[in-house]
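Below: the structure, in structure tokens.
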Amino acid sequence: MAGRNRSTLRTVRVYGVLLALLGIMMFPFYVMLTSTLKPENELFSSPVTLVPSELTIEAFLSVWGQTDVLLWVANSFLISLGTVVLTLVLAIPAAYSCARNDFVGKRSFLLSVLVVQMFAPVVLIVGLFDVITQAGLFNTYLAVIIPAAAFTLPFNIWMLYGYFKTIPVSLEESARIDGASQLQILTKIVLPLTKPALVASITYTFLYAWNRLLFVLTFLTDSAKYNVPRGVFSMVGALQTDWQMMLTVSVIGIVPLLILFAFLEEYIVSGLTAGAVKE
Amino acid sequence: MGTVERDTDRPTRIWRGATHLYHNRWAYLLIAPAVVFLVSVVGYPIVETFRLSLYQSPADSPIETYVGLAHYAAILDSDVFYQLLWQTGRWVVLGVAGKTLLGLLIAVHLKGDIRGRKFFRTAFLIPWGIPYAISAVVFRWIEHPQYGALNAILMKLGVIDQGIGILGNPETAWIGVVVADIWIGTPFMAIILLAGLQSIPEELYEAASIDGARRWEQFRYITLPQLKSVIFIATLLSTIWTFVSFDVIWTMTRGGPINTTSTLVIQIYQVGLENGDLGRGAAYSVIGFLFLLVFAVSYLRVYTRGGDEL
Chain P
7 MAGRNRSTLR
17 TVRVYGVLLA
27 LLGIMMFPFY
37 VMLTSTLKPE
47 NELFSSPVTL
57 VPSELTIEAF
67 LSVWGQTDVL
77 LWVANSFLIS
87 LGTVVLTLVL
97 AIPAAYSCAR
107 NDFVGKRSFL
117 LSVLVVQMFA
127 PVVLIVGLFD
137 VITQAGLFNT
147 YLAVIIPAAA
157 FTLPFNIWML
167 YGYFKTIPVS
177 LEESARIDGA
187 SQLQILTKIV
197 LPLTKPALVA
207 SITYTFLYAW
217 NRLLFVLTFL
227 TDSAKYNVPR
237 GVFSMVGALQ
247 TDWQMMLTVS
257 VIGIVPLLIL
267 FAFLEEYIVS
277 GLTAGAVKE
Chain F
39 MGTVERDTDR
49 PTRIWRGATH
59 LYHNRWAYLL
69 IAPAVVFLVS
79 VVGYPIVETF
89 RLSLYQSPAD
99 SPIETYVGLA
109 HYAAILDSDV
119 FYQLLWQTGR
129 WVVLGVAGKT
139 LLGLLIAVHL
149 KGDIRGRKFF
159 RTAFLIPWGI
169 PYAISAVVFR
179 WIEHPQYGAL
189 NAILMKLGVI
199 DQGIGILGNP
209 ETAWIGVVVA
219 DIWIGTPFMA
229 IILLAGLQSI
239 PEELYEAASI
249 DGARRWEQFR
259 YITLPQLKSV
269 IFIATLLSTI
279 WTFVSFDVIW
289 TMTRGGPINT
299 TSTLVIQIYQ
309 VGLENGDLGR
319 GAAYSVIGFL
329 FLLVFAVSYL
339 RVYTRGGDEL
């Protein structure tokens, strides 16, 4: 009886701590959302109200006309999809080759790829700027997609390589005996079996490209090509900032990500932990 | 004797190499696109950075003047550089410490038989997955001197009696940015540490509780030692990411006021791209490479320890 009380007490304590931590971590979202739902004059009144006195969706109605949020979201999609495609086109053959063959230079290749993962783009930005300009890519979507793909490629190669290795070669051999071509074997047999790793890779790449400000800030000056982070950044004024519009754009800009999270959380976590925790 | 051996050996070795290449031609062909791509998008810019660092090279002019190591000498001779080192160190150490402690706290409480763990895990993960620029503007708003929620709370708690502008004050601005960065980086820590905790065999705890070990003792003598390698890798990765963190600082303060929130990587951007001094910016980048090299070598050493098969 006493033991049971103690364990109930502990459960209560664990939930208490979890909810408190959740409250802290969710607080910025709460402020963001309530600030978009307050009447604008309440946003700039003293004392600051933590709980809105009334709720209105006015900001969400006017944001479409007052800002280019739709364009930014569309550009984010374009950049993310482009990065995903380019990364996969390069990563799948490389990972498959390493998983199925033993060749001189494989180890160095895989280790150098790991080093690239560590080479953060910002440290390379001056050199990249020079290269992108020389290649005549400045102000094109490719100027953002190419560097983003380079820095998501390592994760993709390692993720897929690790997974390809677990698929038995015998499956492929029997398909070959049945007369399947190498390409058919890859697309019909290997890739379907690799789904969990593919989903993790795609999600990671998609998020990476969606979220980054640096490349767009540096390589795109044409505001018609801005993505969501760059759009939000452009709304931060030196003297005047339209806070409510900016926060409304922010809310809209993360909705697609929240949907992604709700459905693919399992894969995101498996991708995140792949490098650090050895099973 | 030696020369004779080498003479007969050399063609054989070349022959062997050629047959190896031939037998594995498909393998090489399949990795070739990735290799070419990485060499041109990462390798070449690295070389280009080293080269540029030896030139006076304004971004808006094609004329480059060779200056040798003058940029490095000027950097090492400037007070700004040492101020940046100190600020970068403070940024990384406090940021990583905050993320690790908060992440550990979350992970430890999520580990047991928790109802709705998936919900909690997803919710805790969200700050990691949204654009840093968005998190940065939200924190700017929270820390707003007149209308920020933080001031409202601090005033209600009686800590302050009038609004303070954290980000506008050179003494406190860095705290305002570090807090945002900790918020962003905590989820990664929590998720990694949770996975690490879940890989600790339950029997260890059972045996310990039969022996009468208290929960704190279990944490100290089972959890921490078992978690050591995961904590090491996670903090190392977090150190790298915090060191190179750009979007948050740039969106919140652009390194200001009077450079107090700047770090080495902010300086790279400011000097190289904002001021258009590619040469000097490249020299700062090379210094940044050196730091990353140290991190990368330690990571590779841990990753490949014990001759793990790749």
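Chains as they are written, first to last, in our numbering: chain P, 7 to 285; chain F, 39 to 348. Backbone N, C-alpha and C define an ideal beta-carbon position, used for all residues, glycine too. Fair warning: this is a prediction, and the values are worked out from it, not measured in the lab.
Secondary structure at residue i, three-state DSSP: helix, strand or coil?
i, result
"Pro225/F", "helix"
"Pro100/F", "coil"
"Gln188/P", "helix"
"Asp249/F", "coil"
"Tyr82/F", "helix"
"Asp315/F", "strand"
"Tyr93/F", "strand"
"Leu253/P", "helix"
"Arg3/P", "Residue 3/P is absent from the structure shown; chain P starts at 7 and stops at 285."
"Val324/F", "helix"
"Thr41/F", "Bear in mind that a pLDDT of 46 at Thr41/F, under 50, signals an unreliable position, so the model cannot answer this."
"Tyr60/F", "helix"
"Lys44/P", "coil"
"Glu272/P", "helix"
"Ala135/F", "helix"
Taking just the CA atoms, how far does residue j sit from residue i?
i, j, result
"Phe329/F", "Ala108/F", "21 Å"
"Thr146/P", "Thr224/P", "12 Å"
"Gly22/P", "Ser13/P", "14 Å"
"Leu163/F", "Leu139/F", "16 Å"
"Leu173/P", "Ala101/P", "Correcting the residue identity first, residue 173/P is Ile in this sequence and not Leu. The straight-line gap from Cα to Cα measures roughly 13 Å."
"Met124/P", "Leu159/P", "12 Å"
"Gly133/F", "Ser323/F", "22 Å"
"Ile138/P", "Leu90/F", "15 Å"
"Leu385/F", "Val91/P", "Given a span of 39 to 348 for chain F in the structure shown, any question on residue 385/F remains unanswerable."
"Val76/F", "Val303/F", "Val is not the amino acid found at residue 76/F; the sequence shown has Leu there. Cα to Cα, the separation comes out at about 22 Å."
"Glu178/P", "Val196/P", "8 Å"
"Met31/P", "Pro165/F", "8 Å"
"Arg113/P", "Val73/F", "13 Å"
"Val340/F", "Ile271/F", "8 Å"
"Phe177/F", "Thr55/P", "17 Å"
"Ala280/P", "Tyr259/F", "26 Å"
"Asp184/P", "Ile269/F", "49 Å"
"Asp285/F", "Thr247/P", "18 Å"
"Asn81/P", "Val234/P", "8 Å"
"Val20/P", "Val216/F", "27 Å"
"Leu143/P", "Phe135/P", "10 Å"
"Glu285/P", "Gln72/P", "Note that Glu285/P scores a pLDDT of 36, beneath 50, so its modelled location is shaky and nothing firm can be said."
For a contact defined as C-beta to C-beta under 7 Å, what are the partners of residue i on chain P?
i, result
"Asn62/F", "Asn107 and Phe109"
"Ile306/F", "Val128, Val129, Ile131 and Val132"
"Tyr66/F", "Phe109"
Using the beta-carbon of each residue, which ones in chain F are nearer than 9 Å to residue i?
i, result
"Leu49/P", "Tyr185"
"Leu143/P", "The premise fails here: Leu143/P is roughly 11 Å from chain F at the closest Cβ pair, so nothing lies under 9 Å."
"Asn217/P", "Gly167, Ile168, Pro169, Tyr170, Ala171, Ile172 and Asp285"
Anything in chain P within Cβ reach of residue i, meaning under 8 Å, just list it in chain order.
i, result
"His58/F", "Phe109 and Val110"
"Leu148/F", "Leu24"
Would the C-beta of residue i count as close to the ligand SAH, meaning under 7 Å from any of its heavy atoms?
i, result
"Leu213/P", "The ligand content of the structure shown is nil, which means the ligand SAH is not present either."
In chain P, what lies closer than 9 Å to residue i by C-beta?
i, result
"Phe177/F", "Pro34"
"Asp249/F", "Residues of chain P passing the Cβ test: none, with the nearest at roughly 17 Å."
"Ile351/F", "No information on residue 351/F is available, as it lies outside the stretch 39 to 348 that chain F covers here."
"Ile278/F", "Met124 and Ala126"
Could you work out which residues of chain F lie near residue i, taking near to mean beta carbons separated by less than 7 Å?
i, result
"Met38/P", "Val176"
"Leu220/P", "Phe284 and Asp285"
Under 8 Å between beta-carbons, which chain F residues line up against residue i? List them in chain order, please.
i, result
"Ser41/P", "Trp179"
"Phe115/P", "Ile69 and Val73"
"Phe267/P", "Thr160, Leu163, Ile164 and Gly167"
So if I threshold CB-CB distances at 9 Å, which residues from the stretch 84-103 of chain F count as touching chain P? Ile84, Val85, Glu86, Thr87, Phe88, Arg89, Leu90, Ser91, Ser95 and Ala97
Counting Cβ pairs, one atom from each stretch, are 3 or more of them under 8 Å apart for the stretch 236-243 of chain P and the stretch 168-184 of chain F? yes
Counting only Cβ-Cβ distances shorter than 9 Å, please list the residues of the stretch 162-173 of chain F near chain P, keeping chain order. Phe162, Leu163, Ile164, Pro165, Trp166, Gly167, Ile168, Pro169, Tyr170, Ala171, Ile172 and Ser173
Is it the case that the stretch 126-133 of chain P contacts the stretch 56-68 of chain P, given that we only count it when at least three CB pairs across the two stretches are under 8 Å? no
Members of the stretch 185-205 of chain F near chain P, C-beta cut-off 8 Å: Tyr185, Gly186, Ala187, Asn189, Ala190, Ile191 and Met193
Please list the residues of the stretch 252-265 of chain P that have a C-beta atom closer than 8 Å to any C-beta atom in chain F, keeping them in chain order. Met252, Leu253, Ser256, Gly259, Ile260, Leu263 and Leu264
Quick one, which residues of the stretch 329-341 of chain F are near chain P if we go by CB-CB under 8 Å, in chain order? Leu330, Phe333, Ala334, Tyr337, Leu338 and Tyr341
Inter-stretch contact at 8 Å, needing at least 3 Cβ pairs: the stretch 263-271 of chain P / the stretch 195-214 of chain F: no
Any residues in the stretch 232-250 of chain P with a beta carbon nearer than 7 Å to a beta carbon of chain F? Which ones, in chain order? Val234, Pro235, Val238, Phe239, Val242 and Trp249
Residues of the stretch 80-107 of chain P with a CB closer than 8 Å to any CB of chain F: list them in chain order, please. Val95, Leu96, Ala97, Pro99, Ala100, Tyr102, Ser103, Cys104, Arg106 and Asn107
Determine, using beta-carbon pairs with one atom in the stretch 135-152 of chain F and one in the stretch 220-233 of chain F, whether at least three such pairs fall under 8 Å. yes
Is there contact between the stretch 268-283 of chain F and the stretch 85-103 of chain F, where contact requires at least three CB pairs shorter than 8 Å? no
Quick one: which residues of the stretch 144-157 of chain P get their C-beta closer than 7 Å to a C-beta of chain F? List them in chain order. Ile152, Pro153 and Ala156
Does the pairing of the stretch 286-295 of chain F with the stretch 200-207 of chain F give three or more beta-carbon distances under 8 Å? yes
Are the stretch 295-311 of chain F and the stretch 186-193 of chain F touching, with three or more C-beta to C-beta distances below 8 Å? no
In the stretch 197-218 of chain P, which residues sit with their C-beta less than 8 Å from some C-beta in chain F, listed in chain order? Leu213, Trp216, Asn217 and Arg218
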